[in-house]
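Asks: In mature numbering (1 follows the signal peptide of the UniProt record, and there is no 0), the protein residues as written are -21 to -1, 1 to 138. Virtual Cβ for every residue (Gly too), placed ideally from N, Cα, C. Pasting a structure here, questions to come.
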Amino acid sequence: MNSKRLFASLLLAALPLAAQAAPTLEQSRFADLDAKPVAMSAYKGKVTVLNFWATWCGPCREEMPMLNGLRKKLAPKGVEVVGVALDNKEQVAPFVKQLKIGYPILLGNDDTLDLMRSLGNKTGGLPYTLVLDRSGKVAATLTGKLDEKKLEAAVKPYL
């Protein structure tokens, strides 16, 4: 077998492994706080600010009121903020109620950390925020606590 053919065979054999290695955002399914499944495709047509967070993350908690305000401000322009919690429902539900979070909160699952890493968050640090364009493609990745000015600048090109 020549080297090109061997390489092609090895590449084809590795493809299924690569496809299984990390979920894609489009393939990901989350649950809302009522345990109803939610696919990210539900937000296509909107510019989506997808914020990965946890109740134990101080910077996450600090930026949530800003995310609430940004959603109210930009919703008329077709922007949605969605939080993905890396906690269980028993921790998240009272927390969301206490902070009066008005945007959709989804619960991460066993694949969420791998998903974040595949989307550019190699260390798994929180908060981690993605801006998705109206077709659902990742347009910007932002690591760490955000301020409104920085987040609006990331969203503005996709309005």
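Apart from the five residues on each side of it in sequence, which residues of its chain come closer than 6 Å, Cβ to Cβ, to residue 142?
Replies: Coverage of the chain is limited to positions -21 through 138, which leaves residue 142 absent and any answer about it impossible.
Asks: Count the other CB atoms, across all protein chains shown, that sit within 10 Å of the CB of S7; report buried if there are 16 or more and exposed otherwise.
Replies: Counting from one through the sequence shown, the residue named residue 7 turns up at place 28. When all chains shown are included, S7 counts as buried.
Asks: Tell me whether the segment 63 to 71 and the segment 112 to 126 touch, counting them as touching only if at least three CB pairs, one residue from each stretch, are closer than 8 Å.
Replies: These segments do not touch.
Asks: Could you check which residue in K116, L138 and A33 has the C-alpha nearest to that of G103?
Replies: Start at 1 with the first residue of the sequence shown, and residue 103 comes out as number 124. Answer by Cα proximity: A33.
Asks: Return helix, strand or coil for T34, following the three-state DSSP convention.
Replies: Translated into positions along the sequence shown, residue 34 becomes position 55. In the structure shown, T34 sits in coil (DSSP, three-state: anything other than H, G, I, E or B).
Asks: Can you tell me whether G62 is helix, strand or coil according to DSSP?
Replies: By one-based count along the sequence shown, residue 62 stands at place 83. Three-state DSSP puts G62 in a strand.
Asks: Measuring alpha carbon to alpha carbon, tell me which residue in R40, V26 and M19 is nearest A118.
Replies: The sequence position of residue 118 within the sequence shown is 139, counting from 1. Looking at the Cα atoms, V26 is the closest of the given residues.
Asks: Return the first residue and the last residue of the alpha helix (DSSP H) that T102 is part of.
Replies: Locating residue 102 in the sequence shown gives position 123, counting from the first residue. Where T102 is concerned, there is no enclosing alpha helix (DSSP H), given that its DSSP letter is neither H nor E.
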